[in-house]
DNA sequence: AATATATACATAAGCAACCAATATATAAAT
DNA sequence: ATTTATATATTGGTTGCTTATGTATATATT
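This is the structure:
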């Protein structure tokens with residue numbers, strides 16, 4: 068007799084739409100605190116720091132990185148590592164300033180959200 | 068002689084993009100805890116609870132209310148109060164369930180965001 | 001040798017959510 | 001008479017994200 072075990076993987080779908088405007092802030096902050104990061108590394112770091120619950124897709128990340136670079140908040144340096152190109156991103160001075168500003172705005176917004184949703188009392 | 072006082076109102080513009088997909092959650096939660104609310108009242112409550120820092124515009128609110136009603140999460144009852152029509156919104160049973168779910172998802176997201184932005188240590 | 005997985009960057013199409021502006025209308029205040 | 005506050009609603013536009021696709025190399029598996 069053979070026992071068949073059916074494993075149902077229920078992908079929650081709850082992963083969706085949870086970034087919403089805070090993506091550039093997250094990217095800037097991560098790059099700032101690690102000194103330099105490349106795109107793929109950022110996706111993995113976000114996944115790791117959120118226990119796999121937030122998955123940063125490339126379609127969202129790369130346009131955001133390019134935009135932040137165009138705005139003068141990030142600089143790049145491409146290196147070849149193990150046969151593959153890696154594009155490292157660094158904060159510019161302006162990038163450091165805007166990061167601090169964006170992080171504090173997000174912190175304020177979180178406070179408001181907690182008040183509106185009665186999360187303070189939890 | 069007449070002294071003209073020019074008052075320059077500098078609208079910060081920082082009000083922008085601060086709702087971030089949490090609008091329907093906020094609306095549902097507020098209506099749920101007050102029992103019933105009408106649109107204008109919601110805009111004023113959000114403004115009051117956030118010390119004027121989050122301004123919920125009508126162009127965002129009314130489509131959201133209509134959508135939540137169409138989805139079966141809100142019911143309405145129109146009353147005439149002091150000559151003006153007021154459209155009160157109530158949570159349906161489904162609305163109560165989805166509110167609890169959305170609030171806990173938002174709470175989880177806030178936790179992730181705080182970790183990514185190093186806000187825990189503040 | 002062939003295939004799959006992980007690494008690494010990137011773009012295109014499309015949709016949902018939000019903002020700014022506008023519209024209508026009544027009541028109260030100046 | 002005009003402005004402000006109350007009250008609901010729509011339209012047009014933009015941004016930000018998702019899904020899907022594309023390219024390419026290195027490593028692991030079969």
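Chains as they are written, first to last, in this note's numbering: chain A, 68 to 189; chain B, 68 to 189.
Every residue gets a Cβ at the ideal spot worked out from N, C-alpha and C, and that includes glycine.
Residue 118/B and residue 179/A have their alpha carbons spaced roughly 9 Å apart. The alpha-carbon of residue 160/A is positioned some 28 Å away from that of residue 115/A.
Considered as a whole, the segment 94-149 of chain B harbours 106-116 and 125-137 as its complete alpha helix (DSSP H) runs of no fewer than 4 residues, in chain order. Neighbours of residue 120/A in chain B, taken as residues at a C-beta separation under 9 Å, are given in chain order as 175, 176 and 179.
Just measuring C-alpha positions, the residue of 125/B, 147/B, 156/B and 127/B sitting nearest residue 139/B is 156/B.
Residue burial annotation: residue 162/B is buried, with at least 16 other C-beta atoms found within 10 angstroms of its C-beta. Residue-level contact by beta carbon fails for residue 90/A and chain B, as no gap is shorter than 7 Å.
For a Cβ distance threshold of 7 Å, nothing in chain B lies close to residue 187/A: the least Cβ distance comes to about 11 Å. Counting along the chain, the unbroken alpha helix (DSSP H) around residue 183/B starts and ends at 160-183. The beta-bridge partner set that DSSP reports for residue 154/A consists of 145/A. Separation of residue 129/B and residue 101/A (C-alpha to C-alpha, rounded to the nearest whole angstrom) is 43 Å. Around the Cβ of residue 171/B, a 10 Å sphere holds fewer than 16 other Cβ atoms; the residue is exposed. In the assembly as shown, residue 134/B is an exposed residue. Its beta-carbon has fewer than 16 other beta-carbons within 10 Å.
DSSP, reduced to helix, strand and coil, places residue 92/B within a helical segment of the structure shown. Chain B places no beta carbon closer than 7 Å to that of residue 166/A, leaving this residue out of the contacts.
Annotated as proximal: residue 166/B and residue 95/B, with beta-carbon spacing under 7 Å. Taking CB atoms only, residue 109/B has no neighbour in chain A less than 7 Å away. Distances from the alpha-carbon of residue 106/A to those of 181/A, 174/A, 146/A and 177/A put 146/A closest. A direct Cα-Cα distance of roughly 17 Å separates residue 137/B from residue 126/B. The closest CA to that of residue 158/B, considering only 150/B, 88/B and 103/B, is found on 103/B. By the neighbour-count criterion, in which 16 or more other beta carbons inside 10 Å mark a residue as buried, residue 148/A falls on the exposed side.
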